[in-house]
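Just so you know, my numbering puts the end of the sequence shown at 549, numbered straight through with nothing missing. Ideal placement from N, C-alpha and C gives every residue a C-beta, glycine not left out. Keep in mind the model is a prediction, meaning the values are calculated, not measured. Since the structure comes first, as structure tokens, the remarks are kept for the end.
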Amino acid sequence: MLKKGDVKMIHKMLKDGLSKSAIARKLDINRDTVAKYAKLPEGYIPVIKREPVETTVDPYLPNIARMLEEAHALGISIPNTSIYDEIQKLGYRGSLRWMKDIMLRYELRQKVKNEEPLVRFETNKAQQMQVDWVEFPKDNLSAFVATMGYSRASYVEYVMDEKVDTLIKCHMNAFSYFGGVPHEALYDNMKTVISKRNAYGYGKHKFNEQFRDFAQKHCGMALKVCKPYRAQTKGKVERFNHYFRYSFHNMFKVRLSLMGYKMTLENANAAVIDWLDFTANARIHQTTLHRAFDLLAEEQLQLLPLPKTYHGIHPLKATTKSVTQDSQTSNRITIHIPTRDLQSYDQFIPMLAYIVLPAYTLGGILWH
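Structure follows, in structure tokens:
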């Protein structure tokens, strides 16, 4: 990976008119490397991609959680040494002290005392995706955020506006990231999704027609909305929003400022995908005690297939026939004239007169 100074130098040399081959020779790097970094937005800061270090205790966290919850339900206590003996039987080869440190890191005993469920899913695999906007007015940016209800895998995309076309594009990108379409999506009262609550009766809402067409007809995904003033019903994405704002957005903005850069749509989107791949979705989640990516792999088997490119509202099927023949009565011809202005009917008058008026003679002349 190149240092930030080398990346900056590549963009400067490109502005000066040097070719990629010439830059590669000057910096003593491969031409393909120059081409790769030339495509990145100016001001991009290379991110060191380090996946979270997996501890030897991680695979056994769900087992420890189940033992603690069962003991709590029975009104008894079990010591760490007994837990250590049990997970050793399951294959754990680490130390007792290390196991205790990881249990403290995730506050397992404290959560059980507070009667919090240690492992929570609440929704079935592939059932629901929760969606929200996170606004950053000082940066003139918004972030589309989608979180899968079962795995807690999340997708983030920075945008310049919150229009319905932008919302649709972000959904398509999220589906590609997750590997499929969830069976339903949950929203708050964003205007690009819901036009009027209870428009057709209680719980029967009027949705934005274009977005409803995209979600239901094009993708096969049901739409659900939170009750007014009850945005906490989509708590999974709300909790991720807080984590995203403070662990990524604010810190990334500080890093850019220290290096003399400002946050842009391009550098923010380039960096947030790395953060999702190597931090947010790769860590042990506090409420599932699993990696989001690991649980997403289970969800992908039950997701709906990825939709084709969306080109707008699906047209209604035409059912009108231009010419019909009534075989039961007689061989009469029915002429279908499409809707048009009055002047356009003039062209049909001579033809209709010829067909309808009977022939007769007057003064030896055949008239029609």
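Cβ-Cβ distance between LEU404 and PRO243 below 8 Å: Not a contact, by the Cβ cut-off of 8 Å.
Nearest residue (CA-CA) to GLU365, options GLY275, PHE395, MET280: PHE395
Spatial distance of TYR491 from SER332 (CA atoms): 27 Å
Inter-residue Cα distance where the pair is SER376 and ASN370: 9 Å
Bridge partner(s) assigned by DSSP for TYR560: With the chain covering 182 to 549 only, the question about residue 560 has no answer from this structure.
Nearest candidate by alpha-carbon position, reference THR236, set LEU487, SER202, ARG464: ARG464
Segment contact flag, the region 322-331 with the region 421-435, C-beta cutoff 8 Å, min 3 pairs: yes
Beta carbon of VAL293 nearer than 8 Å to that of GLU250: yes
Where ILE283 falls: helix, strand or coil (DSSP): helix
DSSP-derived helix/strand/coil call for LEU476: DSSP places LEU476 in helix when its eight states are reduced to three.
Same chain, Cβ closer than 6 Å to THR328, five either side skipped, listed in chain order: GLN311, SER335, LYS417, VAL418, PHE421
Neighbour-count burial assignment, PRO486, 16 or more Cβ in a 10 Å radius: exposed
Closer than 8 Å to chain D by CB, ALA254: Looking at the structure shown, chain D is missing, and only one protein chain is on hand.
Residue nearest to PRO318 in terms of C-alpha spacing, selected from GLY493, THR445, LYS217: THR445
Among ASN448, TRP314, LYS344, ARG286, the one whose alpha carbon lies nearest that of LEU138: No information on residue 138 is available, as it lies outside the stretch 182 to 549 that the chain covers here.
Backbone CA spacing between VAL374 and PRO260 [nearest angstrom]: 51 Å
Spatial distance of ARG178 from LYS372 (CA atoms): Here the chain comprises residues numbered 182 to 549, so residue 178 is not present and cannot be evaluated.
C-beta atoms of ALA451 and LEU195 nearer than 8 Å: no
Local Cβ density within 10 Å of GLU297, reported as buried at 16 or more and exposed below that: exposed
Paired residues, beta bridge with GLN311 - DSSP: Note: GLN311 sits in a beta bridge opposite THR328, LEU367.
Straight-line Cα distance separating ASN354 from ALA307: 17 Å
Burial state of ILE257, where buried means 16 or more other Cβ atoms lie within 10 Å: By the 10 Å Cβ count, ILE257 comes out exposed.
Integer Cβ distance of VAL188 from ILE204, believed to fall under 8 Å: Going by Cβ atoms, the distance from VAL188 to ILE204 rounds to 11 Å, so no, they are not a contact pair.
Sub-8 Å separation of PRO488 and HIS430 beta-carbons: No.
Assigned secondary structure, ILE349 (DSSP; H/G/I helix, E/B strand, else coil): helix
Inter-residue spacing [alpha-carbon to alpha-carbon] between ARG301 and GLU390: 35 Å
Bounding residues of the alpha helix (DSSP H) (the contiguous stretch that carries ALA451): 446-456
Cα-Cα separation, LEU484 to PRO240: Near 25 Å, if we compare the C-alpha coordinates of PRO240 and LEU484.
Contact belief for TYR265 with LEU255 at Cβ below 8 Å, rounded distance in angstroms: About 20 Å separates the two Cβ atoms, so there is no contact after all.
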